[in-house]
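Trainee: Numbering (the numbering used here), first residue to last: 131 to 380.
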Amino acid sequence: MKYLVANWKMNSVDLDLWEKKFLKVIDSEKDFPKSHEVKLIVCLNLYDYQLFSKKIQSSKNQIFQNIILYAQDVSRYEEGAHTGQISSHYLKNIGLEGSIVGHSELRENGDTENIVFQKGLKLKEQGLSNIFCIGEDLATLESSEKKSFLLNQLEAFCKKDVEPNLLAYEPIWAIGTGIEADSENIKSSVSIINDFLEQKKINTSILYGGSVSVENIHEIISIPGIEGCLVGNSSLDGEQFAIIASKITG
Ligand code: 13P
């Protein structure tokens, strides 16, 4: 099983157009991967969620029907005076299946390793899945501290029965920059992550995120150990997202 995850972030997406363009690719691609070969996940805001989940439910297309919806963030708290936050309990009640945690854009806004762990715990308590994001910035990469940096992020999250359901390696310097990480860097990160997962007996799939596009998806998905991608900009267009999906083989 491979995974393709869209992270729409705080962008406005024309949902009708997205669906139309997505379906156009599916209709023209006879070999479009089946839902048991590539799982498609869209991480979106809660307003779009209400509209998009209705579209999915009423769709006659089986691939579109099987798109899974996740949130982009979750509160580390249960409930109470936490203005603007959304609890895992609420996400579950409205029908979302999980959430991203540890995205670098949230880490930049104050999510520490411990907060990321607590968010993972809250999802687990509700039986929801997480997509756990890790990744180094350029200074860390250049000072050859990538390994200890990634291991620290992994150690801080994988405790007390919390573990990644999907693990996205997203080097910060590759996010939204148009510069995807080179194969050697991705391979070395995969090896660091896999050694850790093996040691802890954690079974999860590793995704890559950072400037994934129609042009580079083939190269990225061919890297041993990469079992999917987390896509920002290129997921905002239904056609590009579907073309990327069509190039991921199960
Ligand atoms: P881009 O694909 O726009 O680089 O974003 C990656 C990302 O942050 C996905 O979570």
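Beta carbons are placed, not taken as given, at the ideal position from N, Cα and C, and that holds for glycine.
#1: Confirm, please, whether the CB-CB distance from residue 197 to residue 137 is below 8 Å.
#2: Measuring alpha carbon to alpha carbon, tell me which of 166, 161, 175 ends up nearest residue 385.
#3: Helix, strand or coil: which one does DSSP assign to residue 189?
#4: So is residue 179 buried or exposed if we call it buried at 16+ other beta carbons inside 10 Å?
#5: Buried or exposed for residue 241, please, with buried defined as at least 16 other CB atoms from any protein chain shown within 10 angstroms of its CB.
#6: As a quick exercise: from 338, 164, 346, 343, pick the residue whose alpha carbon is nearest that of residue 356.
#7: May I ask whether a heavy atom of ligand 1 can be found less than 7 Å away from the beta carbon of residue 297?
#8: Within 10 angstroms of its Cβ, does residue 203 collect 16 or more other Cβ (buried), or is it exposed?
#9: For residue 367, which residues from the same chain have a beta carbon less than 7 Å from its beta carbon, with the 5 sequence-adjacent residues on both sides left out?
#10: Could you pull out every residue in the same chain whose Cβ sits closer than 8 Å to the Cβ of residue 291, ignoring the five residues on either side in sequence?
#11: Where are the beta strand (DSSP E) runs, 3 residues long or more, that stay fully inside the segment 173–233, in chain order?
#12: Under the DSSP definition of a beta bridge, which residues are partnered with residue 169?
#13: Please classify residue 308: is it buried, with 16 or more other beta-carbons within 10 angstroms of its beta-carbon, or exposed?
#14: Indicate, with yes or no, if ligand 1 has a heavy atom lying under 7 Å from the CB of residue 141.
#15: Are the Cβ atoms of residue 281 and residue 303 separated by less than 8 Å?
#16: Helix, strand or coil for residue 298, going by three-state DSSP, please let me know.
#17: How about residue 192 and residue 165: do their beta carbons lie closer than 8 Å?
Mentor: This is what the structure holds:
#1: no
#2: Because the chain is modelled from 131 through 380, residue 385 falls outside the range shown and cannot be assessed.
#3: Correct three-state label for residue 189: coil.
#4: buried
#5: buried
#6: 338
#7: no
#8: buried
#9: 151
#10: 254
#11: 198–200, 228–231
#12: 133
#13: exposed
#14: no
#15: no
#16: strand
#17: yes
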